[in-house]
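Letter by letter, the sequence shown follows residues 1 to 403 of our numbering.
Note that beta-carbon positions come from the ideal geometry of N, C-alpha and C, so glycine has one too.
Computed from a predicted structure; not experimentally measured.
Since the structure comes first, as structure tokens, the remarks are kept for the end.
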Amino acid sequence: STFADFCQASRLSVALRDMATYALLHHPGPRTHSQPMAHATSAAKGTATDDSDLAAAVDEPSARDGIIDVCRHLRSLGKFGPTAYLAPFYGSSELPQAFCRLCAVWGGTYMLTRRAYALRTQGGEVTAVADASGRWIGCKWVLLNADNELVPSAAAGESYGDSRAGNGARAPSVGGDDSVRPATVPSLSLARCVAVLDAPLLGALGEELAFACLLPGVETGPTPVFVLQQDSTSGVCPQGRVLVHLSAEAPIGIDSQQRLGGALSMLFRQRRRQVEADVETVATEVEAGDGALSDADTALGGNHPDSEPPAATAPLRVPTLLWGAFFSLPLRGAAAPSAHRTTVPSTTALPDTAGLCNLLVLSDARIEPTSDPAVSRARCLFERVCPGAAFLPPREDEETEGA
């Protein structure tokens with residue numbers, strides 16, 4: 001059964017179901033049929049979509065997985081701070097960089113500015129990879145991402161070329177039988193917004209590092225919008241500035257600004273109402289209100305980009321948008337001839353497929369506010385390539401200290 005069925009059988013209210021599904025499990029899809037829809041899409045805004053398509057593309061969390069995720073969240077509360085979350089310094093790009101550094105420490109070799117343009121196969125295995133210059137490099141395993149679309153060359157069964165090869169690449173010619181090339185047109189995209197502000201958009205004073213999940217609704221769209229806010233203490237922006245990320249899944253063809261613009265506007269309106277409420281509180285509680293009201297007025301209007309950053313004791317104020325960008329990233333499914341691929345899905349299980357036993361294909365990752373799914377996929381790949389070896393083993397000095 002699904003987690004939604006479990007919540008309904010446990011007689012949880014709709015609000016608690018939403019809190020568990022989105023705030024704790026970070027489910028990226030729309031509400032299920034067992035959860036009443038609380039939004040109405042607007043064709044006038046250009047955001048009308050078929051929720052059934054989105055629901056079909058996003059697997060509902062099972063009851064078992066949902067309970068495990070809720071328990072993991074509860075166990076993480078207060079472990080390293082007041083919340084269950086940890087944010088990496090200098091942005092999430094530090095995570096793949098750490099994996100690359102770990103590979104190098106254990107003897108990995110990187111060939112920079114190169115990519116695979118063709119594969120040579122023999123006996124059901126990939127034996128070599130060709131780069132743009134036509135040089136063949138021997139290999140034991142090949143891992144391809146969604147940038148590659150392999151189709152049989154003229155010498156079918158002996159080599160495969162990348163149909164997207166360009167820039168003078170000398171890849172094998174592509175065969176004329178298009179039936180062996182699976183459909184790779186993505187049906188979903190990841191709508192993104194990155195904004196630089198001069199004041200926090202989420203949280204109270206001292207809560208500049210914040211994460212929010214906006215439930216599906218009229219302004220947020222049919223799927224939740226995940227919001228991450230970071231300040232200079234995370235090393236992602238200068239002092240006195242705030243970096244805000246908005247992310248949501250959407251069907252291909254939906255403009256990212258149409259998808260996320262309503263959610264961003266809603267956050268600004270909520271912040272303004274919060275600031276106005278603080279102004280009224282200051283005006284009520286302070287008898288000699290001239291000085292206090294001038295500070296409150298500054299909160300509403302003194303947000304020029306060239307103004308000095310507010311002090312730690314300054315009141316909340318409506319932030320000014322200094323820079324921003326909307327863009328979309330297609331969620332592509334990696335493509336290889338269907339009889340010669342092993343696809344690594346979002347789950348940890350690897351399907352048993354016939355064909356090239358040392359060719360692994362990895363699709364684009366779905367929206368994931370946590371790094372757990374990425375680590376699970378990395379573990380899955382590692383165990384396939386290095387069966388029996390320890391994944392992320394501790395350092396020797398750590399083992400010595402533990403002993």
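- DSSP places H245 in the uninterrupted beta strand (DSSP E) bounded by 242-251.
- Taking the Cα of V126 as reference, the smallest distance to any Cα among S371, C386, N358, D364 is reached at N358.
- A116 sits in coil when the DSSP states are folded into three classes, being neither helix nor strand.
- Within 10 angstroms of the beta-carbon of Y90 lie fewer than 16 other beta-carbons, which makes it exposed.
- Boundaries around P330 are those of the beta strand (DSSP E), 321-330, since no alpha helix (DSSP H) includes it.
- For Q274, there are no CB contacts under 6 Å within the same chain when 5 residues up- and downstream are skipped.
- CA-CA distance, R379 to F391, rounds to 7 Å.
- In this structure L214 is in contact with V227, their Cβ atoms being roughly 7 Å apart against a cut-off of 8 Å.
- In this chain, the alpha helix (DSSP H) harbouring E94 covers 94-105.
- DSSP links L214 through a beta bridge to V225.
- Judged by DSSP in its simplified three-state form, G66 adopts helix.
- The shortest C-alpha to C-alpha distance from A98 to any of A128, V375, E383 is the one to V375.
- S265 sits in a helix when the DSSP states are folded into three classes.
- Taking all protein chains in view, the Cβ of L331 is crowded by 16 or more other Cβ atoms within 10 Å, so the residue is classified as buried.
- The segment 317-328 and the segment 247-266 touch, with three or more beta-carbon pairs separated by less than 8 Å.
- DSSP, reduced to helix, strand and coil, places S133 outside both helices and strands of the structure shown, so it counts as coil.
- By the 16-neighbour rule on beta-carbons within 10 angstroms, R135 is exposed.
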